[in-house]
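Notes to accompany the following structure.
Protein chains: 2
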Amino acid sequence: MTKHEKTVLAAKTKVLKALAHPARLWMVEQLESGERCVCELVDGLELDFSTVSKHLLVLKNAGVVADDKRGKQVFYSLKVPCVLNFMHCVEAVIKGEGEGF
Amino acid sequence: MTKHEKTVLAAKTKVLKALAHPARLWMVEQLESGERCVCELVDGLELDFSTVSKHLLVLKNAGVVADDKRGKQVFYSLKVPCVLNFMHCVEAVIKGEGEGF
DNA sequence: CAATCATTTGGTTATTATGCCAAAAAACAA
DNA sequence: TTGTTTTTTGGCATAATAACCAAATGATTG
Chain A
167 MTKHEKTVLA AKTKVLKALA HPARLWMVEQ LESGERCVCE LVDGLELDFS TVSKHLLVLK
227 NAGVVADDKR GKQVFYSLKV PCVLNFMHCV EAVIKGEGEG F
Chain B
167 MTKHEKTVLA AKTKVLKALA HPARLWMVEQ LESGERCVCE LVDGLELDFS TVSKHLLVLK
227 NAGVVADDKR GKQVFYSLKV PCVLNFMHCV EAVIKGEGEG F
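Heads up: the protein sequence lines correspond to chains A and B, in order.
Heads up: the first sequence is residues 167 to 267, going by my numbering.
Heads up: the second sequence is residues 167 to 267, going by my numbering.
Now the structure itself:
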């Protein structure tokens, strides 16, 4: 494996890791229907404000979401909606349909 | 969030976590062009046989790959090829194309 | 059966991730 | 300015991952 291939692999992995946590995946799914402020996400999850904030940072660093501060609130939005298409495939895995898609 | 929603989320997360490691993702990509025995995957990665074997177990438990023992060798194959479609989206994230797909 | 090859399992250690609390910032209101 | 609201940051304890080595298993060959 070349150095470049390793770099590409690491970059892909970073995105996947960002999505690979229930709280983060839930937030990404919420953002499918539009932006949300941090407080709305905290309400949905049963986690500390600081914890949610850190999860959002992980998603942001991976390039999955964008943040926009307006007044006292920070609104997060989905930068790359295609990540959710994938979930249909994942659902196929879950249902054990195999060979799908 | 209902108990059922949590269960679904955990199942999706399991698949994503399985893919979210460079060695495992690399192996999945290799399997795109057909089954491979463990030894072939060990050759490509610079990892111990036992480490590769454990990574394959993670992928198997997540439902992403299937194993088939034939003679002394165990062949792994991709159960759900659609996981690779997703990588096009991930590549869009990496390139910072945003808004893609 | 003994020896060998391919793979898995068990155990240990190092690194990374997660969650909470407390405190700092940033924007606004009084 | 002082206080209030919203979010982020720092620190710490605990849990989950990942890698290696050594040993065990399973299938085949001599």
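Built from N, CA and C at the ideal position, the CB exists for glycine as well.
Keep in mind the model is a prediction, meaning the values are calculated, not measured.
request  = Check whether the Cβ of H187/B lies closer than 8 Å to any Cβ atom in chain A.
outcome  = Taking Cβ atoms only, chain A reaches closer than 8 Å to H187/B, which makes this a yes.
inquiry  = Closer than 8 Å between beta carbons: that is the criterion. Which residues of the region 240 to 252 of chain B meet it against chain A?
reply    = Residues of the region 240 to 252 of chain B with a Cβ closer than 8 Å to any Cβ of chain A, in chain order: K245, V246, P247, C248, V249, N251 and F252.
request  = Please compile the residues from chain A whose C-beta is within a distance smaller than 7 Å of the C-beta of T179/B.
outcome  = Result: A186, H187, P188 and L191.
For K226/B and E206/B, the rounded distance between their alpha carbons = E206/B and K226/B: Cα-Cα distance of roughly 17 Å.
ask   = What three-state label does DSSP hand D209/A in the structure shown?
value = Shown here, D209/A sits in a helix according to DSSP, grouped into three states.
ask   = Going along the chain, which residues of the region 209 to 237 of chain A sit with their C-beta nearer than 9 Å to a C-beta in chain B?
value = Residues of the region 209 to 237 of chain A with a C-beta less than 9 Å from any C-beta of chain B: G210, L211, E212, A228, G229, V230 and A232, listed in chain order.
key: Continuous alpha helix (DSSP H) stretch holding K180/B: start and end   = Looking at the DSSP string, the run of the alpha helix (DSSP H) that includes K180/B is K169 to L185.
request  = Can you check DSSP and say which residues form a bridge with R202/A?
outcome  = Y242/A, per the DSSP bridge assignment.
request  = Label M193/B either buried or exposed according to how many other C-beta atoms from any shown protein chain fall within 10 Å of its C-beta, with 16 as the threshold for buried.
outcome  = Buried, since its Cβ has 16 or more Cβ neighbours within 10 Å.
request  = Spell out the partners DSSP gives V224/A in its beta bridges.
outcome  = For V224/A, which the question treats as bridged, DSSP gives no partner whatsoever.
Unbroken alpha helix (DSSP H) run spanning V194/B, endpoints = Annotation: the continuous alpha helix (DSSP H) that includes V194/B extends over P188 to L197.
ask   = Using the C-alpha atoms, what's the distance from R190/A back to T173/B?
value = Near 15 Å, if we compare the C-alpha coordinates of R190/A and T173/B.
query = Can you check whether the CB of I260/A is closer than 8 Å to the CB of K178/B?
reply = It is a contact, given that the beta carbons lie within the stated cut-off.
ask   = Going by the beta-carbon positions, is the gap between V204/A and L222/A smaller than 8 Å?
value = Contact flag set, yes.
Buried versus exposed call for K180/A [16 or more other C-beta atoms within 10 Å across all chains shown] = Buried, by the Cβ-count rule.
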